[in-house]
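These protein sequence lines map, in sequence, to chains S and X.
If you read the first sequence in my numbering, its first letter stands for residue 2, the second for the next number, and so on.
If you read the second sequence in my numbering, its first letter stands for residue 26, the second for the next number, and so on.
Cβ coordinates follow ideal geometry from the N, Cα and C atoms, glycine included.
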Amino acid sequence: MNIFVWLNDQLLRMQWLSDLVTAGVSAVGLDPASRLGGSVQFFVYDVIKIFILLSVLIFAISYVQSFFPPERTRRILGGRSGIWANTLAALLGTITPFCSCSSIPIFIGFTAAGLPLAITFSFLISSPLVDLASVILLASIFSWPIALAYVVVGLVVAVAGGTLIGRAGMEDQVAEFVHGVPVQDGDQDMTRSERLGFAREQVVEIVQRVWPYVLIGVGIGAAIHNWVPGEIITMLLGQDNWWSVPVATLVGIPMYADIFGTLPIAEALVGKGVGLGTVLAFMMAVTALSLPSIIMLKRVVKMPLLVLFLTVVTVGILGIGLIFNTISDWFV
Amino acid sequence: MIIKILGSGCKKCVALGENAKAAAKAAGKQAEIVKVTDFAEIAGYGVMSTPGLVIDEKLVSVGKVLTAEEIGKLL
């Protein structure tokens, strides 16, 4: 057997865990092929798998991220412009430590330092949308081609969205106080043990923050997996319906959840025959935009810029969903 | 002296506040610990990664939970 396939199945997809949970479900007298047994198997296996992957990945990724605090990212991006600067911003967005609660200070910090809106928005779009942990989880749940495709389209939305927002010339649509903010450039160098400590703290903090979303997400996933008839889901979100992508996007936008919580739902939906594009659109809408982040952003930008941002991101997600539904045969 | 903790109420900010309190006590200084949670005010110090530590209006640390000893040295 191909060693890479074996590693992928056992380490990333955790086939051993699935087998173990299946055996455990049978041992307590449930038939894994039955509805109830199947739901229990899906729930237990997914919860354990996501938490193991989450902890390992966040630790490794936070270590890498500790080399790129926002101050350093801002220095790297300073004085650049054009499409390559947007691409660089989008790429840095994937590795900068980030939670939605710090997006506003970063927006203010970047803008105050004179970074163009195009660059700042490329960074802000890519940061929640594409992060390293979610990419590896996608590879675990689906496959590597799908994970890589997700990264590429996520970056395209970030670069194109940032560029468009920059073109609109809305530099004056930022709240006045932002320009008066001083620029601090004092990121401290960290020692290796500080980096390891930072990585450990991140694991604890992120797991504490996301565990309810993961449980809810896996619960919904398990319900879809075994209880909701496939015909109903296909009727609502099937590939033949032109409205499936818009519905998935609009439902996802106001939701505030972590990508880790949405992945099990995505997994179950794909299992029921929902198009890959529809599922990706849903995941992107949930992670890129949420009601709390929109309300926070409203305090630092004026209405026209906010509306432009929401429109650009929504249209980008719709486009990706439709394109992926058309070409999803490539991945199956 | 006034010690300000900049951060939107996350666990790290609480921990940093505790450490600052302990440091001031160990140094035998009268210090008032102020928690700054409004992000416009936080950004006003030029901080992008919380928690931040401000001693007498001077920003001394960002994005880190300093230990009581480390804060003691800064006081």
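Look at Phe-178(S): its C-beta is under 9 Å from a C-beta on chain X.
At a beta-carbon threshold of 7 Å, the residues of chain X lying near Ile-109(S) are Ala-68, ordered along the chain. Ala-223(S) and Phe-283(S) have their C-alpha atoms roughly 18 Å apart. Within chain X, the residues whose beta carbon sits less than 7 Å from that of Val-182(S) are Ala-68, Gly-69, Gly-71, listed in sequence order.
With respect to the C-alpha of His-226(S), the residue from Gln-209(S), Val-271(S), Gly-79(S), Ala-119(S) having the closest C-alpha is Val-271(S).
By the CB criterion at 9 Å, Val-275(S) and Ser-245(S) fall inside the cutoff.
Sorting Asp-10(S), Ser-35(S), Val-48(S), Ala-24(S) by C-alpha distance to the C-alpha of Ile-221(S) places Val-48(S) at the top. For the pair Ala-140(S) and Asn-9(S), the CB atoms are nearer than the 9 Å cut-off. Closer than 9 Å to the CB of Ala-65(X) there is at least one CB belonging to chain S.
Note that the region 59–73 of chain X does not touch the region 320–327 of chain S; fewer than 3 beta-carbon pairs, one per stretch, sit closer than 8 Å. Among the residues of the region 192–212 of chain S, those with a Cβ less than 7 Å away from any Cβ of chain X are Glu-206, in the order of the chain. Contacts with chain X at 9 Å (Cβ-Cβ) include Ala-113(S).
Here the alpha carbons of Arg-36(S) and Thr-121(S) stand approximately 48 Å from one another. Per DSSP, Gly-42(X) lies in no beta strand (DSSP E) segment; the continuous alpha helix (DSSP H) that holds it begins and ends at 36–51.
Put simply, the CB of Val-175(S) is far from chain X, with every gap to its CB atoms at 9 Å or more. In this structure, the alpha-carbon of Pro-265(S) lies about 15 Å from that of Trp-228(S). Beta-bridge partners of Ile-254(S) (DSSP): none assigned. Only those residues of the region 31–62 of chain S whose C-beta falls short of 7 Å from the nearest C-beta of chain X would be listed, and there are none. Nearest CB-CB separation between Leu-100(X) and chain S: not below the 9 Å threshold.
Leu-311(S) and Arg-75(S) have their C-alpha atoms some 24 Å from each other. Straight-line measurement puts the Cα of Gly-262(S) at about 23 Å from the Cα of Ala-91(S). Residue pairing of Ile-27(X) in beta bridges, as defined by DSSP: Glu-57(X). Nearest to Arg-201(S) by alpha-carbon distance, out of Ser-63(S), Val-280(S), Asp-20(S), Glu-268(S), is Ser-63(S).
Here Leu-238(S) has Ser-245, Val-275, Thr-279 as same chain residues with Cβ atoms under 6 Å from its own Cβ, once five neighbours each way along the sequence are excluded. For Leu-41(X), the closest alpha carbon among the candidates Leu-99(X), Glu-95(X), Glu-94(X), Val-90(X) is that of Val-90(X). Chain order gives the chain S residues near Lys-36(X) as Glu-206, where near means a beta carbon separation below 7 Å. A distance of 9 Å or more separates the beta carbons of Ile-96(X) and Lys-29(X). The beta carbon of Glu-72(S) falls within 9 Å of a beta carbon belonging to chain X, placing the residue at that interface. For Val-48(S), DSSP assigns no beta-bridge partner whatsoever. Secondary structure of Val-229(S) (DSSP, three-state): coil. Bridge pairing for Ile-80(X): Ile-28(X), Lys-83(X) [DSSP]. Listed by position along chain X, the residues whose Cβ is nearer than 7 Å to that of Ile-105(S) are Phe-64. Leaving aside the five residues that flank Ala-51(X) on each side, the residues in its chain whose CB is nearer than 7 Å to its CB run, in chain order, Ala-93, Gly-97. In this chain, the alpha helix (DSSP H) harbouring Asn-87(S) covers 84–96. A residue is called buried when at least 16 other Cβ atoms come within 10 angstroms of its Cβ; Ala-34(S) does not meet this threshold and is exposed. Counting C-beta pairs with one atom in each stretch, the region 78–85 of chain S and the region 50–61 of chain S have fewer than three that are closer than 8 Å, which means they do not touch.
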